[in-house]
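Using my numbering, the letters of the sequence shown map in sequence onto residues 324 to 569. Backbone N, C-alpha and C define an ideal beta-carbon position, used for all residues, glycine too.
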Amino acid sequence: MGAPELSIVLPCYNEEGSLPPLLEEIEAAMARVGRPFEVLAVDDKSTDRTLEVLLGLQRRHAGLRVLRHELNCGESAAFATGFGRARGEIVITMDSDQQNDPADIPALLAALEGVDLVCGVRRKRRDTWVKRASSKIANRFRDAVTGVPVTDAGCTFRAIRRAVLAELPVFNGMHRFLPTMLQLQGFAVREIPVNHRPRSAGRSNYGIGNRAWRGLVDCFAMRWFRRRVVPGRRALPEAAPPGGRP
């Protein structure tokens, strides 16, 4: 396998049961894509056998890189760690619980033509009605406060050009506001429908209690960001002296 053109970033926290089948599905999807890739699995100081399972999976998956956090820092930090180590020009982000379907990766890549970020929108969510309802309310509130429409901010299944991540601020909750911030920086964003599946193993690490208040505060932080944002594309090509370089 040559130098990776695509980097798949997986934040991992207590997902020992989901990772083996997920890696197999990713391999199958990427075989259809036909481009060199790597998978960066970022263990966020799991308390189960996630790290042990990942290290064992490296024997079967040559493109798997295992990154480890010294402390449990959250999903946004795991994504940021993956972004910093990714070698591909395109970064694919997805959850490690098997609810995102790797078979959608070719569609994400095809939709990236002419834009900087493609966001998945879960077409038929396989979550409880409480999660679905709270997510719908949160998305509408977020759009109203930030002034930037994002249909499904909670879906982290995305394809991103690595170059646009260079100036992205990192904070706890960053992954949910990534499409908002990139649009405010002037980057082009497209949304496409993606599959969503029931969780096959483990349990969710998120609920209304550990997201509602922080998400509310973060929305108003995005209003501040909108007033102070610096355009992401601002530099013209390097100027040359008249007649060319000596």
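Reduced DSSP category for residue i - H, G, I as helix; E, B as strand; rest coil
i, result
"Pro-502", "helix"
"Asp-439", "coil"
"Pro-429", "helix"
"Val-362", "strand"
"Thr-404", "helix"
"Cys-542", "helix"
"Leu-394", "coil"
"Leu-378", "helix"
"Leu-346", "helix"
"Ala-482", "strand"
"Arg-550", "helix"
"Arg-372", "coil"
"Arg-557", "coil"
"Arg-522", "coil"
Candidates the options, of which the one nearest residue i by Cα
i, options, result
"Tyr-336", "Ala-434, Pro-327, Ile-349, Glu-375", "Glu-375"
"Phe-402", "Met-353, Glu-339, Ala-486, Phe-494", "Phe-494"
"Ala-326", "Arg-355, Ile-413, Thr-474", "Ile-413"
"Arg-549", "Met-504, Ala-354, Phe-464", "Met-504"
"Ile-515", "Ala-433, Lys-368, Glu-348", "Ala-433"
"Arg-485", "Ala-426, Ser-523, Gly-411", "Gly-411"
"Arg-446", "Arg-546, Asp-427, Arg-537", "Asp-427"
"Arg-522", "Val-444, Asp-420, Gly-443, Thr-469", "Asp-420"
"Ile-349", "Leu-329, Glu-339, Ile-460", "Leu-329"
"Gly-386", "Phe-510, Ala-409, Ala-562, Gly-566", "Ala-409"
"Arg-557", "Arg-546, Gly-509, Arg-383, Leu-539", "Gly-509"
"Met-545", "Met-497, Gly-555, Val-362", "Met-497"
"Pro-492", "Ser-341, Glu-361, Thr-404, Phe-360", "Thr-404"
"Pro-502", "Leu-559, Val-473, Ala-354, Asp-466", "Val-473"
"Arg-463", "Arg-551, Cys-396, Leu-342, Leu-539", "Leu-539"
Contact belief for residue i with residue j at Cβ below 8 Å, rounded distance in angstroms
i, j, result
"Thr-416", "Arg-372", "With a Cβ gap of about 24 Å, Thr-416 and Arg-372 do not count as contacting."
"Leu-440", "Val-471", "Rounded, the Cβ-Cβ distance is 12 Å, inconsistent with contact."
"Val-487", "Phe-406", "Rounded, the Cβ-Cβ distance is 10 Å, inconsistent with contact."
"Glu-398", "Pro-334", "5 Å"
"Met-444", "Cys-542", "The residue you asked about is not Met; residue 444 is Val in the sequence shown. Actually they are not in contact, since the Cβ atoms of Val-444 and Cys-542 sit about 19 Å apart, beyond 8 Å."
"Gly-340", "Ala-524", "3 Å"
"Glu-490", "Gly-566", "The pair is not a contact, with the Cβ atoms about 34 Å apart (cut-off 8 Å)."
"Leu-346", "His-384", "5 Å"
Residues sharing a beta bridge with residue i, DSSP
i, result
"Val-468", "In the DSSP output, where bridge partners are listed per residue, Val-468 has none listed."
"Ser-330", "Glu-361, Val-414"
"Glu-514", "Cys-442"
"Arg-388", "Leu-363"
"Asn-423", "His-519"
8 Å Cβ shell around residue i - same chain, five flanking residues per side excluded
i, result
"Thr-370", "Asn-337"
"Leu-431", "Ile-415, Val-441, Gly-443, Phe-480, Arg-481, Ala-482, Ile-515, Val-517"
"Arg-358", "Glu-328, Leu-329"
"Glu-361", "Pro-327, Leu-329, Ser-330, Ile-331, Gly-386, Leu-387, Arg-388, Ala-409, Arg-410, Gly-411"
Contacts around residue i, its chain only, beta-carbon distance under 6 Å, and the 5 residues preceding and following it disregarded
i, result
"Arg-391", "Asp-366"
"Ala-606", "In the structure as shown, the chain begins at 324 and stops at 569. Residue 606 is therefore absent and cannot be evaluated."
"Ile-483", "Val-414, Leu-440"
"Ala-352", "Pro-425, Ala-426, Ile-428"
"Arg-499", "Ala-476"
"Asn-423", "Met-417, Phe-480"
Residue i beta carbon near the ligand MN (any heavy atom closer than 7 Å)
i, result
"Phe-464", "The ligand MN is not part of the structure shown, which contains no ligands of any sort."
Contacting residues, own chain, Cβ-Cβ under 7 Å from residue i (five flanking each side not counted)
i, result
"Leu-394", "Lys-368"
"Arg-513", "Ala-434, Val-438, Val-441"
"Gln-381", "Leu-387, Val-389"
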